[in-house]
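When you read off a place in the sequence shown, starting at 1, and then add 127, the result is the number in this note's numbering.
We put the CB at the ideal spot given by N, CA and C, even for glycine.
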Amino acid sequence: MAEFIFFKKGNNVAALDKADVQGARMLIEQGYIRQFEEITAPDGQHALARFDNIKKEEELGPFVWATGALFCGLIVPVIGLIGWLLLR
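Encoded structure:
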């Protein structure tokens, strides 16, 4: 398996073998920005799929708390208080 690095320009993402210094230089000259992720994968397609998966997880990360125990721990007392006020 090879280790891949990623370059992004707008919506375009390119995956290169980490040892491909010439290709990396060419992408940087074309305006691509190197991303900090480095992924070990059997080929470029698998590396791009994993990179896409990582980016989707980063987008959803701030909202994950709303489905977990923290959300339940916050909403149950609020509902209990509302119920107590209505039955009073």
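Residue nearest to Glu164 within the set Asn138, Glu185, Val205 and Trp211 is Glu185 (criterion: CA-CA distance). A direct Cα-to-Cα measurement between Gly137 and Leu187 gives close to 20 Å.
Gln172 has its alpha-carbon roughly 12 Å from the corresponding atom of Ile132.
Lys135 has Val140 and Ile160 as its beta-bridge partners, per DSSP. Residue pairing by DSSP places Ile166 opposite Phe131 in a beta bridge. A direct Cα-Cα distance of roughly 58 Å separates Leu214 from Asn139. Taking a C-beta distance under 8 Å as the contact criterion, Lys182 and Tyr159 do not qualify as a contact pair.
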